[in-house]
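Reminder that position 137 of the sequence shown reads as 136 in numbering that gives the first Met the number 0, one-by-one numbering, no gaps.
Where is the CB? At the ideal position from N, CA and C, for every residue including glycine.
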Amino acid sequence: MAPPRIIRVYEDSMTKVILPIHEESLQCIHEASRAESLKSFDEQHFGRHHAKKSVEALDEDIEKMFKNFMMANQYQSSKLCEALHIKCEDQMDQLQVLRLLSMAKFNATKVLEKSALGHLKPYMLFVFNILGINKLSSFHS
């Protein structure tokens, strides 16, 4: 088991992150936080012969925590994705109520771009705001 003070350095750094964020960004923050933890560990364990086992335990604990942060990020991403999808569908329903020119014949985004109604482009808003792993899965469903 790694020293709790060292684990806390990693955890404090990671809990400052506001989820959801892109996985690449989360990975970079993880690596920086891990490096900070290892530096703190090295300062406290200088010259001790059992440091190798402690470093392995620290790495193991950090990886477990990182997996939890990844799962939390995916969960928050899916919640955001779902909320944006519902908002997009609601806006599209509102536009259909307006009985715009045969929306079946036109791509909804093209109708919205040409529309003088001043509505947001719901689909484009949906596409640009999806974060994390759910961005890929949203387009394949």
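| query | result |
| --- | --- |
| CB-CB length for V16 against S36, believed under 8 Å | 15 Å between Cβ atoms; not a contact. |
| Residues of its chain near E88, where Cβ-Cβ distance is below 6 Å and the 5 sequence neighbours each way are ignored | none |
| A56 vs A1 beta-carbon contact at 7 Å | yes |
| Closest residue to E10 among A34, D41, I20 and Q95 (Cα-Cα distance) | A34 |
| Buried or exposed (CB count within 10 angstroms, at least 16 for buried), N72 | buried |
| DSSP three-state assignment for L18, whether helix, strand or coil | coil |
| Span of the alpha helix (DSSP H), counted from its first residue to its last, around S3 | In the sequence on display, residue 3 carries Pro and not Ser. Looking at the DSSP string, the run of the alpha helix (DSSP H) that includes P3 is P3 to M13. |
| Enclosing alpha helix (DSSP H) for L187 [first to last residue] | For residue 187 there is no data in the structure shown, the boundaries of the chain being 0 and 140. |
| Inter-residue Cα distance where the pair is C80 and F68 | 18 Å |
| Pairwise C-alpha distance: L83 and E22 | 19 Å |
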